[in-house]
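Asker: Protein chains in written order, with this note's numbering: chain L, 10 to 499; chain R, 10 to 499.
Ideal Cβ positions, reconstructed from N, Cα and C, are used throughout, including at glycine.
First the structure, then my questions, so here it is.
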């Protein structure tokens, strides 16, 4: 097992400086200093000792677990003959679904009003929610929105037993190099989240000699992609399905752009298939290695050394971050432990499902809008918001999508793989209101070739919907770095 | 501010043994012992020092905050003339409500089935849920159940601006002393939870020379009691309302039996009104003083000393308890942070509301029934379960009831008051599957006069529904101790 760079230095140190010797020196010094040595010094010295040991322990890299790259997720057992066809697909919001949805919205019971003087401090503001629901019921153009989404070619194909939906959009190459890029969304989104950025990626730009061919996919159990009936479909396993989908489409090597769970999935893909992923652009960069978490925690004591002062507020004081995380992660906690409960709770109520997902979408666009009635929702185009809700509702994907939270924490393979660094060239873009910010120094624990990094003082979690232009500009810029990286490492 | 008993001993110790002297001795000893002194000894000594200091700090008792005992919770401002009338009330489940409820149950969309091989591990089992909902829709006798509840006299009266519902049941005294007892439920219950134990409490027993007059109340925002539109109605404030209700009924001194949030409320009442509460019987005994939490944590290292070996499994290993608490507290986290979101999410779906509350009720009856389809629900009578759901649904109390979780953590007065011990004679009954178990040694941090304590190797959180006989037997036994206590302390 290869040790990270300074592991060997530490071994050298240990060779010449046994713990016994260290303690002896410490005690002699202690005696001489006598009353000057206060208890907290003892504790500090012990802490440094523990720290060095812990660092050594945490820098170890586990072995890659053995994974079945063709695991069966369909109903029952794998058939003798698998259907590998690629079928064109059109999004339809049919009248039965629309009428039923509108009937349920009309039939809604009156809401409990917000507490006096409160906006979104206790969660979804029901006065604002009513406006959204009224628009969904009376003004949202179901057919028109489906037509709009259908301006791209949609397909379905069966991978490892699950019907996977994706859009595949070829660029007008105009003599440019065509680079394949896979776009992966998170919860509660679908490939629809990329609607605005697809044309930007497939349109050549004068200043770049490449352009993208886009595959925007729905994760299994999301959007128009089938969910599994088998336990265990965690982000590592989804990563395998996504890689197999790309191979089916003829892409043995490709780029990825992703956020949220898509980014977690992509991170695992970079770890499992480092020679197949040509570059990874993420708007939710995250090293979940234990060493990174320790650095983040310990860093709160020395924040001036580990993060630029202008970005410090994104990490510290830790108390503020923890308060924000506790305040906003109730849904996460519930979904990670009782996904089938919340799935059943909002299975037959479009209004309730909308309340549940919209509150989260709002605050993720801007965590400081708790004291507004819209709670951040006005940072997203209303039709985009309702597309998301309609797709989730029409396909009955609440339970299958929230189960991902439970699967992500239930299987050791996820913990092991997230602790293995990847060499895939990676670019990070940090929007202001992303849930967690890690400086490059920490990101490099996981992404050893972090070739590009951007930190913006605006924007939020749903970058492709909220700040599509900035996101795409950064993808182009980062890809230049990816190409340079490969040129250097040929 | 009075110091607890051994606080003064500690002061004495501090007088003769300054920290500097202590460090000096430590360092001399360290030098002599030389190589024998290993780093963990230093850490252990430091830990003991920190421990003694922390204990001293934690044993301090804060001052009682100033509280308005007549705060207004009704809409707008307090009127010049308050309505203090006591109005007889009958529970009615009317046809409009019933038809609408049944229509919604019939109209339910098909559920996502549980994952292959799973029972309740991912939350509510939708196959089992369907059976419950079918019974609710086709067989539950709405009118008959209301009639049953109406066999007790119900009332409403306006306290501090809120209409409070309660049952008041007088005993056949037969020459026995009549003791008033207030029964308080928790979430997602109502006074209906006490349906089975009311007649047991009001029926004289040969072996006791007292019997109870019962007041079973719905907490504000629960059951048939009005919720507030003002922020701040936490368990301390609810305790004030409950005390004022009892005074309105002519009870200036009374006993309390309670569990769940009722027990938290009652605990605050014992702290605020120690001369008015004659005795407190709780099936969810809990000292939330910081010192108790520290004892609980530190105790995991010395569990053999602090808890009888036969009860040890209820507390430790801490890892198992934490895993259980994390697994089962998603709903709690969500309700404590975004009550209005979950309220809006299940406002118009009786099926969804049932799924959401039933999963929790099931597991609280027996935490080991995750691998069954019913998840613990078969420990509760089906009609009791559906009474709870029907009352919650008919009165639209989801949002107002879950807001209590948010209020309980938002206001400093709760933290302060829960850190003040009470002298009210208290009895604790510990059923096997109660959420948290604290041995008497810890409970006494809060309840300095814990006069009776029972620990049973069966039962769960909803004692009044699940094990009514054992609960009432223990109330009678405990009351003997309450009376002895008052005789001793006349």
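Tell me whether residue 226/L is buried or exposed, calling it buried when 16 or more other Cβ atoms sit within 10 Å of its Cβ.
Answerer: Here residue 226/L refers to the residue found at position 217 when the first chain is read from its first residue. For residue 226/L, the number of other beta carbons within 10 angstroms of its own is at least 16, and it is reported as buried.
Asker: Can you name, in chain order, every residue of its own chain whose Cβ lies under 7 Å from the Cβ of residue 238/R, other than the five neighbours on each side?
Answerer: For this step, residue 238/R is matched to residue 229 along the second chain. The answer, listed in chain order, is 84.
Asker: Would you mind listing the alpha helix (DSSP H) stretches within the region 255-320 of chain L that are 4+ residues and don't spill past its ends, in chain order?
Answerer: 269-281, 299-308, 312-315
Asker: Could you name the residues that DSSP lists as bridge partners for residue 489/L?
Answerer: Here the question's residue 489/L lines up with position 480 in the first chain. Answer is none; residue 489/L lacks a bridge partner.
Asker: Determine whether the Cβ of residue 133/R lies closer than 8 Å to any Cβ atom of chain L.
Answerer: Residue numbering aside, residue 133/R sits at position 124 when the second chain is read from its first letter. The Cβ of residue 133/R sits closer than 8 Å to at least one Cβ of chain L.
Asker: Below 8 Å, can you find three or more Cβ-Cβ pairs linking the region 163-173 of chain L to the region 243-262 of chain L?
Answerer: yes
Asker: Mapping the DSSP letters down to three states, classify residue 172/R as helix, strand or coil.
Answerer: Residue 172/R sits at position 163 when you count from the first residue of the second chain. Of the three classes helix, strand and coil, the one that applies to residue 172/R here is strand, per DSSP.
Asker: With DSSP collapsed to three states, give me the class of residue 160/R.
Answerer: What you label residue 160/R is simply residue 151 of the second chain in a count that begins at 1. Under the three-state reduction of DSSP, residue 160/R is assigned to coil, being neither helix nor strand.
Asker: For residue 243/R, tell me which candidate among 52/R, 431/R, 421/R has the shortest Cα-Cα distance.
Answerer: For the purposes of this step, residue 243/R is taken as the residue at position 234 of the second chain. Measuring from the Cα of residue 243/R, the nearest candidate turns out to be 421/R.
Asker: So which residues on chain L does residue 412/R lean against when the C-beta distance must stay under 8 Å?
Answerer: One-based indexing of the second chain puts residue 412/R at position 403. Those are 124, 131, listed as they occur along chain L.
Asker: Along the region 338-350 of chain R, what residues have a CB closer than 9 Å to any CB found in chain L?
Answerer: 338, 339, 340, 341, 342, 343, 344, 345, 346, 347, 348, 349, 350
Asker: Kindly indicate which three-state DSSP category residue 30/R falls into: helix, strand or coil?
Answerer: Start at 1 with the first residue of the second chain, and residue 30/R comes out as number 21. Residue confidence for residue 30/R is low, a pLDDT of 44 falling below 50, so the modelled location carries little weight and cannot support an answer.
Asker: Identify the continuous beta strand (DSSP E) that holds residue 461/L and give its terminal residues.
Answerer: Start at 1 with the first residue of the first chain, and residue 461/L comes out as number 452. From DSSP, the beta strand (DSSP E) with residue 461/L extends over 459-464.
Asker: Over what stretch of residues does the beta strand (DSSP E) that includes residue 3/L continue unbroken?
Answerer: Residue coverage of chain L in this structure runs from 10 to 499, which leaves residue 3/L outside it and unanswerable.
Asker: Bridge partners of residue 221/L, per DSSP?
Answerer: Position 212 of the first chain, counted from the start, is the residue given in the question as residue 221/L. Beta-bridge pairing links residue 221/L to 188/L.
Asker: Counting along the chain, where does the alpha helix (DSSP H) carrying residue 97/L start and finish?
Answerer: The residue you call residue 97/L lines up with position 88 of the first chain. Residue 97/L -> not in any alpha helix (DSSP H); beta strand (DSSP E) instead, spanning 95-98.
Asker: Smallest Cα separation from residue 396/L: which of 152/L, 219/L, 452/L, 478/L?
Answerer: Your numbering for residue 396/L matches position 387 in the first chain. It is 152/L whose Cα lies nearest to the Cα of residue 396/L.
Asker: Tell me the residue span of the alpha helix (DSSP H) that contains residue 117/R.
Answerer: As a first step, residue 117/R is located in the second chain; it is residue number 108 there, counting from the start. No alpha helix (DSSP H) holds residue 117/R; DSSP gives it neither H nor E.
Asker: Could you name the residues of the region 235-254 of chain R whose beta carbon sits closer than 7 Å to any beta carbon of chain L, in the order they occur along the chain?
Answerer: 238, 239, 240
Asker: Quick one: grab the DSSP three-state call for residue 341/R.
Answerer: Start at 1 with the first residue of the second chain, and residue 341/R comes out as number 332. In the structure shown, residue 341/R sits in a helix (DSSP, three-state: H, G or I).
Asker: Using a C-beta to C-beta distance shorter than 8 Å, which residues of chain L count as neighbours of residue 118/R?
Answerer: On the second chain, residue 118/R is found 109 positions in, with the first residue counted as 1. Neighbours of residue 118/R on chain L, chain order: 356, 357, 405.
Asker: Quick one: is residue 395/R near chain L, going by C-beta distance under 8 Å?
Answerer: Your numbering for residue 395/R matches position 386 in the second chain. Output row for residue 395/R: interface = no.
Asker: Assuming residue 178/L contacts residue 207/L (C-beta within less than 8 Å), just tell me the rounded distance between them.
Answerer: Start at 1 with the first residue of the first chain, and residue 178/L comes out as number 169. Start at 1 with the first residue of the first chain, and residue 207/L comes out as number 198. So it is a contact: roughly 5 Å between Cβ atoms.
Asker: Give the DSSP-derived three-state secondary structure of residue 497/L in the structure shown.
Answerer: Counting from 1 along the first chain, the entry for residue 497/L is found at position 488. Helix.
Asker: Less than 7 Å between C-beta atoms, sequence neighbours within five positions excluded: which residues of the same chain meet that for residue 481/L?
Answerer: Along the first chain, read from residue 1 onward, the residue named residue 481/L stands at position 472. Hits under 7 Å: 206, 209, 210.
Asker: Using a Cβ cut-off of 8 Å (strictly closer), state whether residue 73/L contacts chain R.
Answerer: Start at 1 with the first residue of the first chain, and residue 73/L comes out as number 64. With 8 Å as the cut-off, residue 73/L does not count as an interface residue toward chain R.
Asker: Contact between the region 471-488 of chain L and the region 282-302 of chain L is defined here as three or more beta-carbon pairs at a separation below 8 Å; is this criterion met?
Answerer: yes
Asker: Return yes when the C-beta of residue 499/L is under 7 Å from any heavy atom of the ligand SAM, and no when it is not.
Answerer: Ligands in the displayed structure: none, and consequently the ligand SAM is not present.
Asker: In or out: residue 434/L buried (at least 16 other Cβ within 10 Å) or exposed?
Answerer: By one-based count along the first chain, residue 434/L stands at place 425. Label assigned to residue 434/L: buried.
Asker: Tell me, please, which residues DSSP counts as bridged to residue 369/L.
Answerer: Working through the first chain from its first residue, we reach residue 369/L at position 360. According to DSSP, which records beta bridges pairwise, residue 369/L is partnered with nothing at all.
Asker: If you draw a straight line from the C-alpha of residue 145/L to the C-alpha of residue 491/L, how long is it?
Answerer: On the first chain, residue 145/L is found 136 positions in, with the first residue counted as 1. On the first chain, residue 491/L is found 482 positions in, with the first residue counted as 1. Their Cα atoms are separated by approximately 42 Å.
Asker: Can you tell me whether residue 97/R is buried or exposed? The criterion is at least 16 other CB atoms within 10 Å of its CB, across all chains shown.
Answerer: Stepping through the second chain from its first residue, residue 97/R is reached at position 88. Residue 97/R is exposed by the Cβ-count criterion.
Asker: Kindly say whether residue 53/L, judged by its beta-carbon, lies nearer than 8 Å to any beta-carbon of chain R.
Answerer: The residue labelled residue 53/L in the question sits at position 44 within the first chain. With 8 Å as the cut-off, residue 53/L does not count as an interface residue toward chain R.
Asker: Report the CB separation of residue 358/L from residue 121/R in whole angstroms; it is logged as a contact under 8 Å.
Answerer: As a working note, residue 358/L is residue 349 in the first chain. As a working note, residue 121/R is residue 112 in the second chain. Contact doesn't hold; Cβ gap of about 15 Å is too wide.
Asker: Check whether the Cβ atoms of residue 245/L and residue 277/L sit closer than 8 Å, and answer yes or no.
Answerer: Along the first chain, one-based indexing puts residue 245/L at 236. Along the first chain, one-based indexing puts residue 277/L at 268. Taking a C-beta distance under 8 Å as the contact criterion, residue 245/L and residue 277/L qualify as a contact pair.
Asker: Starting from the Cα of residue 298/L, find the closest Cα among 71/L, 54/L, 58/L and give me that residue.
Answerer: In the first chain, the residue the question calls residue 298/L occupies position 289. Here the closest residue by C-alpha is 71/L.
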